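There are 2 protein chains.
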Amino acid sequence: MKTKLIKPVTLKGFRDYLPNQMMAREQLIETARRTYRSFGFSPIDTPALEYSEILLGKGGAETDKQMFRFIDQGGRDVSLRFDLTIPFARFAAQHLQEINTPFKRYHIGTVWRAEKPQKGRYREFMQCDFDTIGTDSNTADVETLLVIHDLLENIGFSEFTIRVNHRCILNGLLEQIGLGDRATGVLRALDKLTKVGPDGVLAEMTEQVGATRQQAERVVEVTGIKDGTPQVILDRVESLLGGSQQGISGVHCLRELFDACRTVGIPDDRVKLDVSIARGLDYYTGTIYETFLTNLPEIGSVCSGGRYDNLADLFTRHKLPGVGASLGLDRLLAAMDELGMIETASTPALVLVTLFDTKRIGDYLRIGRELRRAGIETEVYPDGRPLKKQLKYANRKGFRIALIAGTDEFAAGTWQVKNLRRAEQQAVSEADLVGTVRRILSATG
Amino acid sequence: MKTKLIKPVTLKGFRDYLPNQMMAREQLIETARRTYRSFGFSPIDTPALEYSEILLGKGGAETDKQMFRFIDQGGRDVSLRFDLTIPFARFAAQHLQEINTPFKRYHIGTVWRAEKPQKGRYREFMQCDFDTIGTDSNTADVETLLVIHDLLENIGFSEFTIRVNHRCILNGLLEQIGLGDRATGVLRALDKLTKVGPDGVLAEMTEQVGATRQQAERVVEVTGIKDGTPQVILDRVESLLGGSQQGISGVHCLRELFDACRTVGIPDDRVKLDVSIARGLDYYTGTIYETFLTNLPEIGSVCSGGRYDNLADLFTRHKLPGVGASLGLDRLLAAMDELGMIETASTPALVLVTLFDTKRIGDYLRIGRELRRAGIETEVYPDGRPLKKQLKYANRKGFRIALIAGTDEFAAGTWQVKNLRRAEQQAVSEADLVGTVRRILSATG
Numbered sequence: 014m015k016t017k018l019i020k021p022v023t024l025k026g027f028r029d030y031l032p033n034q035m036m037a038r039e040q041l042i043e044t045a046r047r048t049y050r051s052f053g054f055s056p057i058d059t060p061a062l063e064y065s066e067i068l069l070g071k072g073g074a075e076t077d078k079q080m081f082r083f084i085d086q087g088g089r090d091v092s093l094r095f096d097l098t099i100p101f102a103r104f105a106a107q108h109l110q111e112i113n114t115p116f117k118r119y120h121i122g123t124v125w126r127a128e129k130p131q132k133g134r135y136r137e138f139m140q141c142d143f144d145t146i147g148t149d150s151n152t153a154d155v156e157t158l159l160v161i162h163d164l165l166e167n168i169g170f171s172e173f174t175i176r177v178n179h180r181c182i183l184n185g186l187l188e189q190i191g192l193g194d195r196a197t198g199v200l201r202a203l204d205k206l207t208k209v210g211p212d213g214v215l216a217e218m219t220e221q222v223g224a225t226r227q228q229a230e231r232v233v234e235v236t237g238i239k240d241g242t243p244q245v246i247l248d249r250v251e252s253l254l255g256g257s258q259q260g261i262s263g264v265h266c267l268r269e270l271f272d273a274c275r276t277v278g279i280p281d282d283r284v285k286l287d288v289s290i291a292r293g294l295d296y297y298t299g300t301i302y303e304t305f306l307t308n309l310p311e312i313g314s315v316c317s318g319g320r321y322d323n324l325a326d327l328f329t330r331h332k333l334p335g336v337g338a339s340l341g342l343d344r345l346l347a348a349m350d351e352l353g354m355i356e357t358a359s360t361p362a363l364v365l366v367t368l369f370d371t372k373r374i375g376d377y378l379r380i381g382r383e384l385r386r387a388g389i390e391t392e393v394y395p396d397g398r399p400l401k402k403q404l405k406y407a408n409r410k411g412f413r414i415a416l417i418a419g420t421d422e423f424a425a426g427t428w429q430v431k432n433l434r435r436a437e438q439q440a441v442s443e444a445d446l447v448g449t450v451r452r453i454l455s456a457t458g
Numbered sequence: 014m015k016t017k018l019i020k021p022v023t024l025k026g027f028r029d030y031l032p033n034q035m036m037a038r039e040q041l042i043e044t045a046r047r048t049y050r051s052f053g054f055s056p057i058d059t060p061a062l063e064y065s066e067i068l069l070g071k072g073g074a075e076t077d078k079q080m081f082r083f084i085d086q087g088g089r090d091v092s093l094r095f096d097l098t099i100p101f102a103r104f105a106a107q108h109l110q111e112i113n114t115p116f117k118r119y120h121i122g123t124v125w126r127a128e129k130p131q132k133g134r135y136r137e138f139m140q141c142d143f144d145t146i147g148t149d150s151n152t153a154d155v156e157t158l159l160v161i162h163d164l165l166e167n168i169g170f171s172e173f174t175i176r177v178n179h180r181c182i183l184n185g186l187l188e189q190i191g192l193g194d195r196a197t198g199v200l201r202a203l204d205k206l207t208k209v210g211p212d213g214v215l216a217e218m219t220e221q222v223g224a225t226r227q228q229a230e231r232v233v234e235v236t237g238i239k240d241g242t243p244q245v246i247l248d249r250v251e252s253l254l255g256g257s258q259q260g261i262s263g264v265h266c267l268r269e270l271f272d273a274c275r276t277v278g279i280p281d282d283r284v285k286l287d288v289s290i291a292r293g294l295d296y297y298t299g300t301i302y303e304t305f306l307t308n309l310p311e312i313g314s315v316c317s318g319g320r321y322d323n324l325a326d327l328f329t330r331h332k333l334p335g336v337g338a339s340l341g342l343d344r345l346l347a348a349m350d351e352l353g354m355i356e357t358a359s360t361p362a363l364v365l366v367t368l369f370d371t372k373r374i375g376d377y378l379r380i381g382r383e384l385r386r387a388g389i390e391t392e393v394y395p396d397g398r399p400l401k402k403q404l405k406y407a408n409r410k411g412f413r414i415a416l417i418a419g420t421d422e423f424a425a426g427t428w429q430v431k432n433l434r435r436a437e438q439q440a441v442s443e444a445d446l447v448g449t450v451r452r453i454l455s456a457t458g
């Protein structure tokens, strides 16, 4: 009697990663890790499950509803983390004595949100954050920009723009024109600039936020300054801030940032000043970053972040200012796919050793090992099926080279080396095998 | 008024990874990944959350109780995965058309079990599995052993033993002496051999399993054959199997395995035949692997696995035989810690650029970038604090070199290079900086 089968399906909003998707993801993660480490950021990890009280923090009703929350076997109210920021705040407060500030960490981890699934949005996804905490030095802000720059470059992008701004400029401006107490509403309206245009923003500010026409126009005027070098823009902005201390401190930070970028050698066109970006979050208090791909601006910012005054005020009285950003891993993968930057092979190996004479599996495995020792990823086909089938397998999975040996080759001490991209084949002695394979691999790039 | 703080704690049985622990873990994962890939295994991933029905499968009461299980917002009965095997079975059944057998995959992922926490055991831990499915060829079994071997060697172990056996030998023996229907009880008793000794095993077999004294003695006799080369042991075992077809097929598989190991060049002392290992799980049907560290046998097997007849019979009628093993990541990390194989530095960077003249942050960041471009991980200290404090920070975190430059150095175009391990310092011109740093790093290993 046959037992009933269970239908193999993933949950709504969740997905499997097949080899070619997973290889692209692993490569991206590896590049991020290498970049973060090159700047001295250390990895940390925190549990997927935490006390709900900790993750709820001061969260809004929106994130609360999105949390996977339940009572565990021990009667504890627990939740799956929905970002890496709150766990980091809890971590920093808990391990304050051990971490030795300034503390630079990266954290690459999965988070869960019970959002309504839609195209390209899942209930489980990976975040990839880096932060420097325990310092309010602008040097860390400049470095954050350098990390974002190197990250994009190392991933393989050459055309991108990092837009920066400083919250003190906006706050100083609002304070100076008497809108300091309506900052949240004003910034929320400003965030819609690219969507609704200056008139839409003016309308929202006057009709909903309660600004006067004159106040709203001043905001749109200052944040609309776009022409000229960052230095020219900053001079104009400064002249319009009416001597606001806060605003001028923001201008100074950005001047230092643009000067340092030039000294460091970052191409001018990759960093742009945009006085209009606010990044809705109340969280940010200083420099703000957004990153756009020149050829795919419509997917939005792929790496965003900023400076904040106090990371962990929910958990400790110790003040922890910091600055950091987050790489939008899945968004970037989608972009890379669209730009044809993702390999189609579904195997990490380059060479397939076909299996012909099942009495000599030791020899096939031995040659696999020899290539591996020369640094060449090599798979040995396990079954003595017809060669045609094995080569079909090799082509479907995207191998570059197939090696073949039967009675004649073993007698002569040779291997048939088949270049799968060109359908060329040659016999080489075993002593020349590694060299030949290397030459073919580097020629077919 | 101060708001009440939330106490920053992790859940019972869960833990944070601090930088030095996390760096060791990342390195281990990276080595595993590199090794698996070198053999042509591809990465996959599956969701942390699945339908409980899928994860419960035919699981026993033990694993059921250990699952973090709850009803989600959509009313679904869901659970966190407690291993990577059932998700892989579900994955293979679901994507059968896409994966193209033979299919070799690795899966490195977190799993959750609500076990009673005890020393070294957590409710969240990482598994690191590899499998070849869709083939019953013994070549895959031999290769599994080669993967385990290279894995241990690449991690940095030179003294270890992989113990192998074949379930067909045990099953053939039991069948032949009339204990075929009591296999589970016999194997469970046999599993305790190292704990209770042959007399204990004999007692359990006769008193609890219901074997005769003669039957039990025969099992202990055959499984106790240990002297001589694998070939000698296999000859003796074969002669005692009384012509059992099943038993002899197991002997043949192991003969081929040991022959291939020799051809491939695996040192003889690293692979041992142990006819007594059964690995309790009913799951295994062929070759069985266990791996022990010579200097830490007490921690048990660090890499175990075996061959199975059918991976996904819960989810598909398509038969998927396979073979694989799992690296005990956390157990191995504990072992490496005990053997002094883990670095104590808590930063991935080797060089700290100290910050002296806060007006020249561009120059400090520029030199950081130059070293990074030469492949040397370099951190720039963000604050202009007293040099003594910056050097204390460098020593505490485990940097190897500190770079120092003030007014004099900038005027002369030089950098002070401080070797932190030897407390030596020298001035070098900026042109010689990368070379000098490289020399110091390679000299201090």
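Going line by line, the protein sequences match chains A and B.
Under our numbering, the first residue of the first sequence is numbered 14, with each subsequent residue one higher.
Under our numbering, the first residue of the second sequence is numbered 14, with each subsequent residue one higher.
For each residue, glycine too, the CB sits at the ideal point set by N, CA and C.
Every value quoted in this text rests on a predicted model; they were computed, and no experiment measured them.
Residue i classed as buried or exposed, judged by whether at least 16 other C-beta atoms fall within 10 angstroms
| i | result |
| --- | --- |
| Asp142(B) | buried |
| Val235(B) | buried |
| Glu311(B) | exposed |
| Arg136(B) | buried |
| Ile84(B) | exposed |
| Asn308(B) | exposed |
| Ala387(A) | exposed |
| Tyr296(B) | exposed |
| Pro243(B) | buried |
| Gly337(A) | buried |
| Thr371(B) | exposed |
| Leu352(B) | exposed |
| Lys431(A) | buried |
Interface flag, residue i vs chain A, CB-CB below 8 Å
| i | result |
| --- | --- |
| Leu286(B) | no |
| Ile19(B) | yes |
| Ala37(B) | no |
| Thr362(B) | Residue identity check: residue 362(B) is Ala in the sequence provided, not Thr. By this cut-off, Ala362(B) is an interface position. |
| Tyr302(B) | no |
Min CB distance residue i to chain B below 8 Å
| i | result |
| --- | --- |
| Lys401(A) | no |
| Ser55(A) | yes |
| Gln140(A) | no |
| Ile374(A) | yes |
| Asp29(A) | yes |
| Ile67(A) | yes |
Residues bridged to residue i (per DSSP)
| i | result |
| --- | --- |
| Asn178(A) | Ile301(A) |
| Tyr135(B) | BP columns for Tyr135(B) are empty, so no partner. |
| Gly318(A) | Tyr302(A), Ala338(A) |
| Val284(B) | Ile175(B) |
| Phe52(A) | Per DSSP, none; premise fails for Phe52(A). |
| Gly122(B) | Gln140(B) |
Close-in-space but distant-in-sequence residues of the same chain around residue i (CB under 7 Å, 5 per side omitted)
| i | result |
| --- | --- |
| Gly411(B) | Thr357, Ala358, Ser359, Thr360 |
| Asp322(B) | Thr298, Pro334 |
| Lys332(A) | Asn323 |
| Arg134(A) | Glu128 |
Cβ neighbours of residue i in the same chain (closer than 8 Å, five flanking residues each side left out)
| i | result |
| --- | --- |
| His179(A) | Gly263, Val264, Cys266, Leu267, Gly299, Thr300, Ile301 |
| Ala127(A) | Gly26, Lys78, Gln79, Met80, Phe81, Arg136 |
| Ser51(B) | Asp163 |
Beta-carbon contacts of residue i that lie in its chain and below 6 Å, excluding the five residues immediately before and after
| i | result |
| --- | --- |
| Pro100(B) | Thr59, Arg94 |
| Lys117(A) | Gly53, Phe54, Thr145 |
beta-carbon residue i near the ligand HEM non-hydrogen atom, thresh 7 Å
| i | result |
| --- | --- |
| Glu392(B) | Of ligands this structure carries none, so the ligand HEM is not represented either. |
Give the residues from the region 108-127 of chain B that approach chain C closer than 8 Å (Cβ to any Cβ), ordered along the chain.
The structure shown contains no chain C; its protein chains are A and B.
Listed from N- to C-terminal order along the chain, which residues in the region 328-345 of chain A have their beta-carbon within a distance smaller than 8 Å of any beta-carbon of chain B?
Phe328, Thr329, Arg330
Got a sec: which bits of the region 148-170 of chain A sit with their beta carbon under 8 Å from any beta carbon on chain B, in order along the chain?
Thr148, Ser150, Asn151, Thr152, Ala153, Val155, Glu156, Leu159, Asp163
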